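Working notes, beginning with the structure itself.
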Ligand code: A2P
């Protein structure tokens, strides 16, 4: 583990960005690894400051100095709370104020992170249940990448169903890698056992057998018949949703139709939504 950065005392030395003074209240961390999945998606790992505490599923503001100004966007921490490093899964937007720069980071570069994490996709915001659905599209899988690697998720639920819908098969790879990592992990493998079910689908790729928007698959019941589970039941089922604004709304409507009530940190409920990433 690298020593935590004392952010106020030194300047960022990043070949891509020149040298600039770090703002107050911000950690400056070192990139450890970068993996590009497609021309739209990549993940990176960086050092974790010793003082940075978060709950699995929360997000933080991640940034870079662009010229002499910091630019931040909300990013779910994709690594679990116990991990010594921090992982993030990101989209690449060609003209994006942050991601057009972030997609070029290399090991050794500096990434900024505001000190306070927050978010509603946390186990504390759900009332007790038996089966936890995590509904994600695209990079919305990131908070669930954290939660499916947290033993507490499996202490609280007998069954954890991670749905991930993307346009194309190549965009599902991060999810497949996560599940594989868990299966081979020294202590997670035993804790998770067969409790985790991964349900990936695509919407614009005829080469893959599992197709369709998750909303359609809930509505027509295919999700449940494929998994061999009963339809949504507020007595036992809990949900977490992370995706685009339209996906959040449509999925929320279906859960409400099934009788589940939305919760929050202050008032735990039967499902939760992360609204931080949408305008
Ligand atoms: P589709 O290809 O039918 O638009 P994006 O990359 O645009 O964020 O989309 C990621 C995935 O989310 C795509 O598979 C997309 O399907 C799906 N999606 C987009 N809008 C919705 C919605 N309102 N409800 C459910 N899934 C959606």
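In this note's numbering, the protein residues as written are 1 to 279.
Cβ coordinates follow ideal geometry from the N, Cα and C atoms, glycine included.
Quick caveat, the model's predicted, so the values are computed rather than measured.
Assuming the contact rule is C-beta atoms closer than 8 Å, residue 38 and residue 171 should be a hit. Round their C-beta distance to whole Å, please. 6 Å
Check this for me: beta carbons of residue 206 and residue 234, under 9 Å apart or not? no
task: May I ask you to list the residues that DSSP assigns as paired with residue 70?
output: 65
Q) In the structure shown, what three-state DSSP assignment does residue 203 receive? A) coil
Can you tell me which residues form a DSSP beta bridge with residue 237? 131
- Message: Buried or exposed for residue 139, going by 16 or more other Cβ atoms inside 10 Å?
- Response: buried
For this session: Assign residue 127 to buried or exposed, taking buried as 16 or more other Cβ atoms, counted over all protein chains shown, within 10 Å of its Cβ.
Result: exposed
Could you give the distance in angstroms between the alpha-carbon of residue 13 and the alpha-carbon of residue 32? Any reading at residue 13 must be qualified, since the residue scores a pLDDT of 48, below 50, and its modelled position is unreliable; no value is offered.
| What do you reckon, are the CB atoms on residue 242 and residue 125 nearer than 9 Å? | no
Fill in: CB-CB length for residue 137 against residue 247, believed under 8 Å
5 Å
message: Can you confirm whether the stretch 253-267 touches the stretch 89-109 when touching is taken to mean that 3 or more C-beta pairs between the two stretches lie within less than 8 Å?
response: no
Per DSSP, what are the beta-bridge partners of residue 136 in this structure?
164, 242
Worksheet item: Less than 8 Å between the CB of residue 93 and some heavy atom of ligand 1, yes or no?
Response: no
For residue 85, which residues does DSSP report across the bridge? 47
Kindly list the residues whose CB is nearer than 6 Å to the CB of residue 115, restricted to its own chain and excluding five residues on each side of it in sequence; keep chain order. 25
Roughly how many angstroms separate the alpha carbons of residue 89 and residue 76, rounded to a whole number? 8 Å
*May I ask whether a heavy atom of ligand 1 can be found less than 8 Å away from the beta carbon of residue 250?*
yes
Using CA atoms only, rank isn't needed, just tell me which of 56, 261, 123 is closest to residue 87. 56
Does the pairing of the stretch 150-168 with the stretch 198-215 give three or more beta-carbon distances under 8 Å? yes
**9 Å Cβ cutoff met for residue 117 and residue 59** = yes
Task: Endpoints, the alpha helix (DSSP H) within which residue 219 is located - done: 214-219
| said: For a test of your reading of the model: does the CB of residue 58 fall under 8 Å from any non-hydrogen atom of ligand 2? Yes or no. | reply: As for ligand 2, it is missing from this structure, which binds only ligand 1.
Where residue 218 and residue 195 are concerned, what is the direct C-alpha to C-alpha distance, given to the nearest angstrom? 20 Å
- Message: Taking 8 Å as the cut-off, is the C-beta of residue 242 nearer than that to any heavy atom in ligand 1?
- Response: no
Q) Among residues of its own chain, excluding the 5 on either side of residue 251, which ones have a beta-carbon nearer than 7 Å to its beta-carbon? A) 135, 214, 215, 241
* **Collapsed DSSP secondary structure at residue 60 in the structure displayed** => strand
If we call anything under 9 Å between Cβ atoms a contact, is residue 23 one with residue 121? no
Practice prompt. May I ask whether a heavy atom of ligand 1 can be found less than 8 Å away from the beta carbon of residue 73?
Written response: no
Q) Which stretch, first to last residue, makes up the beta strand (DSSP E) that contains residue 125? A) No beta strand (DSSP E) holds residue 125; DSSP gives it neither H nor E.
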